[in-house]
Ligand code: SF4
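In the numbering used here, the protein residues as written are 1 to 318.
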């Protein structure tokens, strides 16, 4: 950590790769087992039909064209030289192994690609897919990380939001991925309906105990036409205030292992169809609000990270 009160992703990338590295989003045609009936129908109650792919290019373009187009953009705007191919939308391992092999191999062919980042669900990764990724990593000499959507460790909430998996599947997937030495990213929403401060703390503790490498936070956004949107319009739940949300993020950071890198403190929602997103303010203002609160309380990531490896013995030693 430099002067910052939490581990900043862009600084970490420079430490890791020796220069700035940019993620190139790649959009694959696909679906999700929680939408097609395999593990659930209708998807998570907050998911819109685009499967979190609203910032990507159309999936009708080839991987090569998406990489070339996005790469030109970053080169022109930031003079970028190194990139990570990033499969973000939907569930990028949810396809037959042959197609997965083809897509992932294609995504690392450009000489400026130094890594691969694959976002998926905890119930869509297994040893066969990990075998292939390990071969690809060794053969192409590239960096690979796997992002898992968890959203919350509260398995009651997971059921209420119709995630189609519980905490156990997440733990299993994390261990399998960690055993292969791939870096792992966990996605968390700190203000799902029903979750409280205790869940926020337990989120930080479980991610720390599992040895997750990166965390991506985003606040709940509500899209019109989703089940969550209907519940919101019917007044069945209220979103916590921005002040409460900032308080939750600060608490989460305090309990989080200081080694974990924060890839994102606040997310952006899709444009146009939103009923609620980021309290009607910009994501960077919320980010600033969180940073100011850390300053004000003179606190930082990991300040309360004292609970692993025999908390009772540690307390006796004090
Ligand atoms: S796992 Fe992702 S793509 Fe699938 S329903 Fe949930 S939010 Fe949507």
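Glycine included, each C-beta is placed from N, C-alpha and C at the ideal position.
Roughly how many angstroms separate the alpha carbons of residue 65 and residue 71, rounded to a whole number?
-> Start at 1 with the first residue of the chain shown, and residue 65 comes out as number 65. Start at 1 with the first residue of the chain shown, and residue 71 comes out as number 71. The alpha-carbon atoms of residue 65 and residue 71 are separated by roughly 10 angstroms.
Between the beta-carbon of residue 265 and the beta-carbon of residue 239, is there less than 9 angstroms?
-> Counting from 1 along the chain shown, the entry for residue 265 is found at position 265. Counting from 1 along the chain shown, the entry for residue 239 is found at position 239. Residue 265 is not a Cβ neighbour of residue 239, given a cutoff of 9 angstroms.
Taking the runs of the beta strand (DSSP E) that are 3 residues or longer, which of them lie wholly in the stretch 62-95?
-> Runs of beta strand (DSSP E) with 3 or more residues, each lying fully within the stretch 62-95, are found at 82-87, listed in chain order.
Can you find a heavy atom of ligand 1 that lies under 8 angstroms from the Cβ of residue 91?
-> Translated into positions along the chain shown, residue 91 becomes position 91. Within the cutoff, so yes.
Near residue 62, which residues of its chain fall below 7 angstroms by C-beta distance, leaving aside the five closest residues on each side in sequence?
-> Within the chain shown, the letter at position 62 stands for residue 62. Nothing meets the Cβ criterion.
Euclidean distance between Cα positions of residue 227 and residue 106 = Indexing the chain shown from 1 puts residue 227 at position 227. Indexing the chain shown from 1 puts residue 106 at position 106. Their Cα atoms are separated by approximately 36 angstroms.
In three-state DSSP terms, what is residue 20?
-> Counting from one through the chain shown, the residue named residue 20 turns up at place 20. Three-state DSSP puts residue 20 in coil, outside helix and strand.
Taking C-alpha atoms, which residue in 26, 287, 233 lies nearest to residue 60?
-> To locate residue 60, count along the chain shown from 1; it is residue 60. The shortest C-alpha separation from residue 60 is found at 26.
For residue 36 versus residue 82, is the C-beta distance shorter than 9 angstroms?
-> For the purposes of this step, residue 36 is taken as residue 36 along the chain shown, with counting starting at 1. For the purposes of this step, residue 82 is taken as residue 82 along the chain shown, with counting starting at 1. Against a cut-off of 9 angstroms, the Cβ pair of residue 82 and residue 36 comes out as no contact.
Sorry if obvious, but does the Cβ on residue 132 come closer than 8 angstroms to a heavy atom of ligand 1?
-> Counting from one through the chain shown, the residue named residue 132 turns up at place 132. Result no, Cβ not under 8 angstroms from ligand 1.
CB of residue 121 to nearest heavy atom of ligand 1: below 8 angstroms?
-> One-based indexing of the chain shown puts residue 121 at position 121. Checking the Cβ of residue 121 against ligand 1 gives yes.
By Cβ distance, which residues of its chain are closer than 7 angstroms to residue 261, with the 5 residues on each side in sequence left out?
-> Walking along the chain shown from the start, residue 261 turns up at place 261. Excluding sequence neighbours, residue 261 sits near 7, 9, 12, 213, 214.
Assuming residue 197 contacts residue 152 under a Cβ cut-off of 8 angstroms, what Cβ separation, rounded to an integer in Å, is found between them?
-> The sequence position of residue 197 within the chain shown is 197, counting from 1. The sequence position of residue 152 within the chain shown is 152, counting from 1. Separation of the CB atoms of residue 197 and residue 152 is rounded to 13 angstroms, and the pair is thereby denied contact status at 8 angstroms.
Span of the alpha helix (DSSP H), counted from its first residue to its last, around residue 107 = Start at 1 with the first residue of the chain shown, and residue 107 comes out as number 107. Counting along the chain, residue 107 falls outside any alpha helix (DSSP H), and DSSP gives it neither H nor E.
On the DSSP bridge assignment, give the partners of residue 235 in chain order.
-> Residue 235 sits at position 235 when you count from the first residue of the chain shown. Per DSSP, none; premise fails for residue 235.
Throw me the rounded Cβ distance for the residue 45 and residue 154 pair, which I believe falls under 8 angstroms.
-> For this step, residue 45 is matched to residue 45 along the chain shown. For this step, residue 154 is matched to residue 154 along the chain shown. Not a contact, Cβ separation roughly 15 angstroms.
Nearest-angstrom Cα distance between residue 308 and residue 316?
-> Looking up residue 308 in the chain shown gives position 308. Looking up residue 316 in the chain shown gives position 316. If I take the Cα positions, the gap works out to 14 angstroms.
Reference residue 139; option with closest CA among 184, 119, 104, 32 = As a first step, residue 139 must be located in the chain shown, where it is residue number 139. Comparing Cα-Cα distances from residue 139 to each of 184, 119, 104, 32, the minimum goes to 104.
Counting along the chain, where does the beta strand (DSSP E) carrying residue 289 start and finish?
-> In the chain shown, residue 289 corresponds to position 289, counting from 1. Here residue 289 belongs to no beta strand (DSSP E); instead the alpha helix (DSSP H) covers 283-296.
In or out: residue 79 buried (at least 16 other Cβ within 10 Å) or exposed?
-> Stepping through the chain shown from its first residue, residue 79 is reached at position 79. With fewer than 16 other Cβ atoms within 10 Å, it is exposed.
Pairwise C-alpha distance: residue 273 and residue 313 = The residue given as residue 313 occupies position 313 in the chain shown. The residue given as residue 273 occupies position 273 in the chain shown. Whole-angstrom Cα-Cα distance: 52 angstroms.
When the Cβ atoms of the stretch 164-174 are set against those of the stretch 127-142, are three or more pairs found closer than 8 angstroms?
-> no
Residues of its chain near residue 58, where Cβ-Cβ distance is below 6 angstroms and the 5 sequence neighbours each way are ignored = Counting from one through the chain shown, the residue named residue 58 turns up at place 58. For residue 58, where only same-chain residues beyond five positions count, there are no Cβ hits under 6 angstroms.
Measuring only between beta-carbons, confirm whether residue 317 sits less than 9 angstroms from chain B.
-> Going by chain labels, chain B is absent from the structure shown, which holds only one protein chain.
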